[in-house]
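The structure appears right after this line, and notes come after that.
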Amino acid sequence: MKSFSQELKNRRVYRTAIGYAVAASAVVQLAGTVLPAFHAADWIQQVLVVLLALGFPVALVFAWVFEVQGGAITRTRALGGSRSLANRRRLWMLATVGLAVAAIVSAGYWFWHPWTKTAPRPTNFGLANPADVPEKSIAVLPFENLSDTRQNAFFAEGVQDEILNDLSKIADLKVISRTSVMPYRGGASRNLREIGQQLGVAHVIEGSVQRDGKRVRVNAQLIDARTDAHLWGETNDRDLADVFQIQTEIARAIVAQLQAKLSPQEKAGLAERPTPDLATNDLYLRAKDIVNSYLNAEDPRESLLQAVRLLREATTRDPDFVLAYSYESRAHALLYFLNLDATPARRLFARAAVDTALRLRPDSAEAHVALADYYFRCERDYGRAQKELAIARPTLPNSTPFFVLAGYISRRQGHWTEAESDFTQAVRLDPRNPNAVNLLVDTQVLTRRYFDAIQTYDRAIAAGLQTPIMAVRKAAIAFAATGNAPALRAALASAPADLDVAGGETPMRIMLALIDHDYDGARAALAASPRTDFQEVDFSFYYPRAWYEAVIARAEGDQARTRISFATTRRILNERLKLKPEEPRTLAVLAQVDAGLGRKEEALREARRAVELMPLSKDAYDAPLVLQGLAQVYTWTGEKDSAIEIVRQLLSSPGYLSHGYLRTDSAWEPLRNEPKFQELIAL
Numbered sequence: 006m007k008s009f010s011q012e013l014k015n016r017r018v019y020r021t022a023i024g025y026a027v028a029a030s031a032v033v034q035l036a037g038t039v040l041p042a043f044h045a046a047d048w049i050q051q052v053l054v055v056l057l058a059l060g061f062p063v064a065l066v067f068a069w070v071f072e073v074q075g076g077a078i079t080r081t082r083a084l085g086g087s088r089s090l091a092n093r094r095r096l097w098m099l100a101t102v103g104l105a106v107a108a109i110v111s112a113g114y115w116f117w118h119p120w121t122k123t124a125p126r127p128t129n130f131g132l133a134n135p136a137d138v139p140e141k142s143i144a145v146l147p148f149e150n151l152s153d154t155r156q157n158a159f160f161a162e163g164v165q166d167e168i169l170n171d172l173s174k175i176a177d178l179k180v181i182s183r184t185s186v187m188p189y190r191g192g193a194s195r196n197l198r199e200i201g202q203q204l205g206v207a208h209v210i211e212g213s214v215q216r217d218g219k220r221v222r223v224n225a226q227l228i229d230a231r232t233d234a235h236l237w238g239e240t241n242d243r244d245l246a247d248v249f250q251i252q253t254e255i256a257r258a259i260v261a262q263l264q265a266k267l268s269p270q271e272k273a274g275l276a277e278r279p280t281p282d283l284a285t286n287d288l289y290l291r292a293k294d295i296v297n298s299y300l301n302a303e304d305p306r307e308s309l310l311q312a313v314r315l316l317r318e319a320t321t322r323d324p325d326f327v328l329a330y331s332y333e334s335r336a337h338a339l340l341y342f343l344n345l346d347a348t349p350a351r352r353l354f355a356r357a358a359v360d361t362a363l364r365l366r367p368d369s370a371e372a373h374v375a376l377a378d379y380y381f382r383c384e385r386d387y388g389r390a391q392k393e394l395a396i397a398r399p400t401l402p403n404s405t406p407f408f409v410l411a412g413y414i415s416r417r418q419g420h421w422t423e424a425e426s427d428f429t430q431a432v433r434l435d436p437r438n439p440n441a442v443n444l445l446v447d448t449q450v451l452t453r454r455y456f457d458a459i460q461t462y463d464r465a466i467a468a469g470l471q472t473p474i475m476a477v478r479k480a481a482i483a484f485a486a487t488g489n490a491p492a493l494r495a496a497l498a499s500a501p502a503d504l505d506v507a508g509g510e511t512p513m514r515i516m517l518a519l520i521d522h523d524y525d526g527a528r529a530a531l532a533a534s535p536r537t538d539f540q541e542v543d544f545s546f547y548y549p550r551a552w553y554e555a556v557i558a559r560a561e562g563d564q565a566r567t568r569i570s571f572a573t574t575r576r577i578l579n580e581r582l583k584l585k586p587e588e589p590r591t592l593a594v595l596a597q598v599d600a601g602l603g604r605k606e607e608a609l610r611e612a613r614r615a616v617e618l619m620p621l622s623k624d625a626y627d628a629p630l631v632l633q634g635l636a637q638v639y640t641w642t643g644e645k646d647s648a649i650e651i652v653r654q655l656l657s658s659p660g661y662l663s664h665g666y667l668r669t670d671s672a673w674e675p676l677r678n679e680p681k682f683q684e685l686i687a688l
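If you want my numbering, it's the position in the sequence shown, counting the first as 1, plus 5.
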């Protein structure tokens, strides 16, 4: 055996075995990302694994029998002569060992692969299996407006919304949130069975509202969405002043029909009204929708400012409107956090509004959520934010905004399982809510579970959520995994030409043009957008237009234009730092700007300072982005080994940096010829 082992070494069989194992592993990992992204059947990957396993003993035999010399393949040694029998035996032994190893590897892969041992996946939503739908689940569909004026249409929506809010306070029920039911306006064409499947509910409420002077008629019906059976119905014809009482009575009747358990607090909650004034409540509802959907707004700044105006008008009409103060605080906090208005005054507005809400009602769950949001966005105090959420959680069992915020904060703390659980619950309650779906997808992308992320989008589409941006984002996920530029390019080409949600698509178009060294195309993509700032993959930092002008000029080799554009970017970022001194994300981008200007020492000092201010232990979401900034500075200043080590670190933990970007994005071009980098992006 000793001589046999030496013979294996001499014939480079060991080296062949190791090389084959590394190459096969890379192929399997790449296939595991690429095939699901294109919805390939599971059996294709299974066959690939079997073929690779069978190739292992073949590679060993080939290494034993042949060698490569001078570019030609020759036999290593003749198998005839006195040692012919011994050589044949060794060859058969080698082949047998290879087959045994292949069988063990195949069996192990088969056993541990998700098709037999399923990894945690998001709870199904959209086209739900009827057997999986909770019996005590309900969707309150938009009530039909039987009045004449547009104002009364808002009134009808308010009636529906209050019934929904009453039911959502009950922990024993699953109640679909408002965003997901509003697309079902217009009762004539409703297919209730299909709606029940899309939303994952057993029951729906339909109704109508007719307002005539000081009288109002409200009709409501409870229907089993699985059978179309009418379970309960009631018509109330009363004075307009009794409308809130009508809503409460309808909610109580539904609770009784579904035999839902009520706690004493929930019974009391059914009788509460947010405001006695209908017009004031309408202002609140309009602003609430804006705040809850800011991620999908074309212009988040203007949308949030509009929400503030609506909410201030609401609190002027009703100074005791706790929910309006709570949402006003959240709008201010978003403006501050997203650097849309990062002035100290905006932060003070956020705190003042939530303090007013808590002064008016210290036990308000929504006010405690608003305070958690303030601690999260304005002070980055995730511990205190979690304490506020813990106060609110028991009384908000069906609140999508609550679960979204809880997921945000858990993600910042590096509690990825808890974050995904909260986002999954948000999507379960609001399957047609783009914000909730995007955040769940985003978390799966951060943990590099690209196939799960694409499946989440597919489920949302099955639930009826179909927007042009979804096809682009699915292609962007596949690009992150594989660097498949043609697929992303095709998705953008088929989308509306002006699609640029919060400026997120323009950077994609620029990146794709730079991959092709199409500098005119990159400039044209930037010129096509009227925006002055743009978001990238993380949807929380805005890059000024001058940044992309500099990036394009740098890639083209136009040093003069690069310096001018980077200098402009530098002035803009320094203005931001006056409002938020030593803000890590801004400092990290400023460091990259200085690297682009050739200020190596200054760039390294700024980037390292940003990492000190935002370590992984402080913020598991922002810290990798800040650390990526340091890697980029090292890349642009010639410190390639340091850059590669940071890239290696980033790929070993959750984050946006991925093999697809590293293989293709021009920002990493200086590292492409480095063997260590090539080895890293090949895994």
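Beta carbons: idealized from backbone N, C-alpha and C, even for Gly. A quick note: this is a predicted structure, and the numbers were derived from the prediction, not measured.
Nearest candidate by alpha-carbon position, reference residue i, set the options
i: Leu-685; options: Gln-654, Leu-632, Ala-258, Ile-251; result: Gln-654
i: Val-260; options: Glu-650, Asp-435, Ile-168; result: Ile-168
i: Leu-310; options: Lys-623, Phe-326, Leu-328, Arg-335; result: Arg-335
i: Ala-490; options: Pro-501, Ile-515, Ile-474, Lys-141; result: Ile-515
i: Ser-426; options: Asp-287, Ala-411, Val-631; result: Ala-411
i: Val-409; options: Leu-444, Phe-160, Lys-272; result: Leu-444
i: Arg-314; options: Phe-326, Glu-303, Ala-292, Gly-388; result: Ala-292
i: Asn-297; options: Ala-431, Ala-518, Arg-322; result: Ala-431
i: Leu-434; options: Asn-579, Gly-601, Val-102, Leu-172; result: Leu-172
i: Leu-519; options: Arg-550, Asp-505, Glu-554, Phe-67; result: Glu-554
i: Arg-20; options: Ala-480, Ala-64, Leu-263, Leu-630; result: Ala-64
i: Gln-460; options: Leu-470, Leu-451, Val-446, Arg-198; result: Val-446
i: Ala-496; options: Pro-439, Ala-480, Ala-144; result: Ala-480
Coil, strand or helix - residue i by DSSP
i: Ser-658; result: coil
i: Phe-539; result: strand
i: Asn-226; result: Inspection of the sequence shows that residue 226 is occupied by Gln rather than by Asn. If DSSP states are grouped into helix, strand and coil, Gln-226 belongs with the strands.
i: Pro-549; result: strand
i: Ile-143; result: strand
i: Lys-266; result: coil
i: Pro-125; result: With a pLDDT of 38 at Pro-125, under the threshold of 50, the modelled position of this residue cannot be trusted; read the value that follows with caution. DSSP places Pro-125 in coil when its eight states are reduced to three.
i: Arg-220; result: strand
i: Glu-303; result: coil
i: Ala-149; result: Per the sequence shown, the amino acid found at residue 149 is Glu instead of Ala. The answer is strand: DSSP assigns Glu-149 an E or B state.
i: Lys-179; result: strand
i: Gly-463; result: According to the sequence shown, residue 463 is Asp rather than Gly. Correct three-state label for Asp-463: helix.
i: Phe-326; result: coil
i: Asp-346; result: coil
i: Lys-690; result: The requested residue 690 is not part of the displayed model; the chain covers only 6 to 688.
8 Å contact criterion, which residue i and residue j should meet: CB distance rounded
i: Arg-576; j: Thr-567; result: Between Thr-567 and Arg-576 the Cβ distance is about 15 Å, and since that is not below 8 Å, they are no contact.
i: Leu-59; j: Ala-29; result: Contact flag wrong, Cβ pair sits at about 11 Å.
i: Pro-473; j: Ala-500; result: 5 Å
i: Ala-265; j: Leu-151; result: Their Cβ separation, rounded to whole angstroms, is 29 Å, which puts Ala-265 and Leu-151 out of contact at 8 Å.
i: Trp-237; j: Ala-258; result: 6 Å
Host beta strand (DSSP E) of residue i (start-end)
i: Trp-237; result: 234 to 244
i: Ile-210; result: 208 to 217
Enclosing alpha helix (DSSP H) for residue i [first to last residue]
i: Asp-287; result: 283 to 297
i: Gln-430; result: 421 to 434
i: Tyr-626; result: Per DSSP, Tyr-626 belongs to no alpha helix (DSSP H) and is neither H nor E.
i: Ala-498; result: 490 to 499
i: Val-409; result: 405 to 417
i: Asp-360; result: 349 to 365
i: Val-598; result: 589 to 601
i: Asp-447; result: 439 to 451
i: Thr-574; result: 564 to 584
i: Glu-393; result: 387 to 397
i: Val-506; result: Val-506 -> no alpha helix (DSSP H), and no H or E assigned at all.
i: Gln-471; result: Where Gln-471 is concerned, there is no enclosing alpha helix (DSSP H), given that its DSSP letter is neither H nor E.
i: Asp-525; result: 524 to 532
i: Glu-371; result: 370 to 383
Burial state of residue i, where buried means 16 or more other Cβ atoms lie within 10 Å
i: His-235; result: exposed
i: Asp-525; result: exposed
i: Ile-109; result: exposed
i: Met-3; result: The structure shown does not extend to residue 3, since the chain is modelled only from 6 to 688, so the question has no answer here.
i: Ser-657; result: exposed
Residue-chain proximity (residue i, chain D), Cβ-Cβ < 8 Å
i: Ala-395; result: Given the protein chain composition of this structure (a single chain), no chain D is represented.
Closer than 7 Å: residue i CB and nearest the ligand MN heavy atom
i: Gly-643; result: Looking for the ligand MN in the displayed structure turns up nothing, as the structure carries no ligands at all.
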